[in-house]
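To start, the structure itself, in structure tokens.
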Amino acid sequence: MPNSADGVITALDFVHCLYDVGTEVTAAHGRVMTMLEELGIGGFDSSDEDFFLTLGLALKLLLRHANTDPAAMFAGARADLEALGAAFDAEAARTTASPT
627 MPNSADGVIT
637 ALDFVHCLYD
647 VGTEVTAAHG
657 RVMTMLEELG
667 IGGFDSSDED
677 FFLTLGLALK
687 LLLRHANTDP
697 AAMFAGARAD
707 LEALGAAFDA
717 EAARTTASPT
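Under our numbering, residues 627 to 726 are what the sequence shown spells out, in order.
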């Protein structure tokens with residue numbers, strides 16, 4: 627993960643961050659696809675569609691933190707991905723819990 631000494635994000639920094647967050651999203655690919663399907667967005671059979679969906683999610687997460695330095699941008703995007711996963715897990719647990 628590159629870290630610009632002056633805190634300015636260059637195009638190369640952004641591409642590196644996009645790659646790193648894309649890697650994080652891809653590592654959680656099954657979980658991300660399940661979350662998207664639960665939201666009514668998934669159901670893709672084509673690996674190309676999965677790729678662009680993954681790339682789009684990574685880009686969206688990065689752009690939320692684009693005014694920070696590269697390390698903070700990556701950390702923020704990763705935290706967003708973890709929060710999205712936690713929210714999905716909480717909702718899944720809530721909907722599958724048996725009523726008492």
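Heads up, the beta-carbon is just placed ideally off N, CA and C, and yes, glycines get one too.
Opening and closing residue of the alpha helix (DSSP H) in which Val706 lies: According to the sequence displayed, residue 706 carries Asp and not Val. Where Asp706 is concerned, the enclosing alpha helix (DSSP H) stretches over 696-722.
Test: His642 CB closer than 9 Å to a CB of chain B: Absent here is chain B; the protein component of the structure consists of one chain.
Cβ-based burial, Met627 [other Cβ within 10 Å; buried from 16]: Low per-residue confidence applies at Met627: pLDDT is 45, beneath 50, and the placement is therefore not dependable, though the value from the model is reported in the following sentence. So Met627 counts as exposed.
Val647 beta carbon less than 9 Å from that of Leu710: no
Environment of Ala703 [buried if 16+ CB atoms lie within 10 Å]: buried
Proximity to Lys686 [Cα-Cα], best of Leu707, Asp695, Pro696, Ala697: Leu707
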